[in-house]
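Worksheet for the structure shown next.
In this note's numbering, the protein residues as written are 112 to 764.
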């Protein structure tokens, strides 16, 4: 139709310097072998000639909505414009890394951050090859210290980074998950799940949402890649039909709660998925897949395809779909998080700290986060006050009922209220941008591929109505956030202290020196006002300026100063320190860190971000305050004194 209508033509593209088929802004290059035939573009641009030329190209043009079914090459996730590369090929490896290697050899960069490492054929082999090449190039540098290499690896609960990768660690999403979980009150998990299910009508558990989302994503975005993977297994075991392999792969991947497996590395997550799949859909196809993954059957190509399918399915189904459908408490839905884990104990957090590679990156905010660090910190405080929160949010549902239409799902409305509480104050346009993206990512009523304008307008109208200055909801929301804010501030400052004192390398995401109340991208990629931050530093900030974020900025400045003046503390291992209930403490050589946990009710009652804890921390020695020069002396490790002026203690011996 496009050819007959004259919308698809062959042109000489001056910018590209080549012949290309042009359709609107799209350009599809003509293969060089056909150049001699197309000098006369007028003669070529007839329907018959164009069809003949197109038949000879290295591609076949098709309707874009058919991509998931018809595409026969791997993409980055489901993005047609980003073709996956065979980085395991030595030639491809060298070409792709040429600029990185040059910059490293010249001393202009000191390391690399490898994104989406799980999409590679063999992440371990790639990381070792990268390490070897950078080590060889280090000989050309004045500073011959090893290159710093971190990988963006989403670790499942209790999954560890494989030791044979020879990298310094992950990019820190695991820490972001753990420090957030530490601040959630685990005993409230069931009550929040019940509230979510009652309000939304959806499943109370995350696993149910994940399973459905995985099935849908496999059938839609990755249908072609699923078929290719099944074909690879069929080639390895031709007595079993390809359709059986497709079914077995679907049943297995629906239940696989990790990103992928790795050659010669046992996977408890794969074993669990296989056992569950075997119980509901036994058959030889499933056994062949398991044999290939475990290495007992010679089918390495099929195993590779399985893993290169499993990783993008996990990303798109879990983080980019189920996270937007499940709303028990949104602070537990973020990149690298385990939503089914509501909270963890201080002992668990300490174990994770001690197990982490010493130079792994630590993140609390990233370009990919769903909610900023201090949004999560504020929402975490809700986990401590389920009774207050439920009463308030049910009142909001009643208050805003006149503006609700059948197109407004109650689950979506509940997620909206959480977002408003976490990020307030928010202007309407930011809320609308978040709402549109969250609805499209959920893919229930609208999506990026098939936007539903009526649904999106209904939600936009609802948001504008409830946030109107004339409506009672807006001041009531503001009053509730004002009550909750001190608890969020305490959590945010505690999170910052742990970010800079836990073993690892803290990564300060742009603009998060002050309160990070950002939402999902593009909101978290807005320009940063560095002039404001510089002015605050120049005029002086105080640990007590918590309303404008000055306390966080001053805290980061103090902690980075400690990194400079007491470097031995930040190479020591973290050791447990006995502390009263409600306090988490650990020691790293001459550094003692103590932070309060779960103080929301007290903060709400007092309107101050200070904890109520009493008791003595058991750590011998003479200590001085590493944070506040106004209170340098530490007469005792009595919590009432340590936390009298600031909700965290960082002491130096």
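In this text, a Cβ means the ideal position worked out from N, Cα and C, and glycines have one as well.
Taking the alpha-carbon of residue i as reference, which of the options has the nearest alpha-carbon?
i: residue 551; options: 537, 504, 525, 434; result: 434
i: residue 241; options: 208, 254, 263; result: 208
i: residue 129; options: 147, 507, 113, 258; result: 147
i: residue 679; options: 694, 371, 700, 153; result: 700
i: residue 228; options: 419, 316, 649, 256; result: 419
i: residue 609; options: 646, 556, 671; result: 671
i: residue 432; options: 481, 465, 459; result: 481
i: residue 244; options: 215, 160, 271, 272; result: 215
i: residue 383; options: 369, 374, 375, 394; result: 369
i: residue 406; options: 250, 501, 373, 581; result: 373
i: residue 284; options: 539, 295, 477; result: 477
i: residue 557; options: 461, 436, 639, 472; result: 436
i: residue 399; options: 378, 357, 764; result: 357
i: residue 296; options: 726, 496, 739; result: 496
i: residue 426; options: 263, 544, 539; result: 263
i: residue 346; options: 600, 412, 585; result: 412
For residue i, count the other beta carbons within 10 Å of its own beta carbon; 16 or more makes it buried, fewer makes it exposed. Which is it?
i: residue 698; result: buried
i: residue 675; result: exposed
i: residue 689; result: exposed
i: residue 430; result: buried
i: residue 289; result: buried
i: residue 388; result: buried
i: residue 291; result: buried
i: residue 443; result: buried
i: residue 713; result: buried
i: residue 529; result: buried
CA-CA distance, residue i and residue j?
i: residue 163; j: residue 567; result: 43 Å
i: residue 747; j: residue 704; result: 14 Å
i: residue 113; j: residue 339; result: 30 Å
i: residue 150; j: residue 122; result: 10 Å
i: residue 513; j: residue 535; result: 23 Å
i: residue 270; j: residue 616; result: 20 Å
i: residue 417; j: residue 525; result: 37 Å
i: residue 656; j: residue 597; result: 12 Å
i: residue 304; j: residue 498; result: 13 Å
i: residue 236; j: residue 280; result: 16 Å
i: residue 488; j: residue 365; result: 31 Å
i: residue 273; j: residue 255; result: 26 Å
i: residue 744; j: residue 753; result: 10 Å
i: residue 507; j: residue 494; result: 18 Å
i: residue 662; j: residue 607; result: 11 Å
i: residue 155; j: residue 181; result: 28 Å
i: residue 464; j: residue 533; result: 27 Å
i: residue 684; j: residue 693; result: 23 Å
The beta strand (DSSP E) spanning residue i covers which residue range?
i: residue 753; result: No beta strand (DSSP E) holds residue 753; the alpha helix (DSSP H) holding it covers 750-753.
i: residue 137; result: 137-140
i: residue 763; result: 760-763
i: residue 121; result: 119-124
i: residue 351; result: Counting along the chain, residue 351 falls outside any beta strand (DSSP E), and DSSP gives it neither H nor E.
i: residue 707; result: 702-707
Using the three-state DSSP reduction, which class does residue i fall into: helix, strand or coil?
i: residue 472; result: strand
i: residue 162; result: helix
i: residue 210; result: helix
i: residue 304; result: helix
i: residue 591; result: helix
i: residue 443; result: helix
i: residue 280; result: strand
i: residue 312; result: coil
i: residue 738; result: coil
i: residue 188; result: coil
i: residue 438; result: coil
i: residue 623; result: coil
i: residue 431; result: helix
i: residue 724; result: coil
i: residue 112; result: coil
i: residue 153; result: helix
i: residue 617; result: strand
i: residue 343; result: helix
i: residue 373; result: strand
i: residue 687; result: strand
Locate the alpha helix (DSSP H) running through residue i, then write down its first and last residues.
i: residue 129; result: Element bounds for residue 129: not the alpha helix (DSSP H) but the beta strand (DSSP E), 129-134.
i: residue 533; result: 521-534
i: residue 698; result: Counting along the chain, residue 698 falls outside any alpha helix (DSSP H), though it belongs to the beta strand (DSSP E) covering 694-699.
i: residue 222; result: Per DSSP, residue 222 belongs to no alpha helix (DSSP H); it is in the beta strand (DSSP E), 222-225.
Relative to the ligand FAD, is the shortest distance from any of its heavy atoms to the C-beta of residue i smaller than 7 Å?
i: residue 633; result: The ligand FAD is not part of this structure, which contains no ligands at all.
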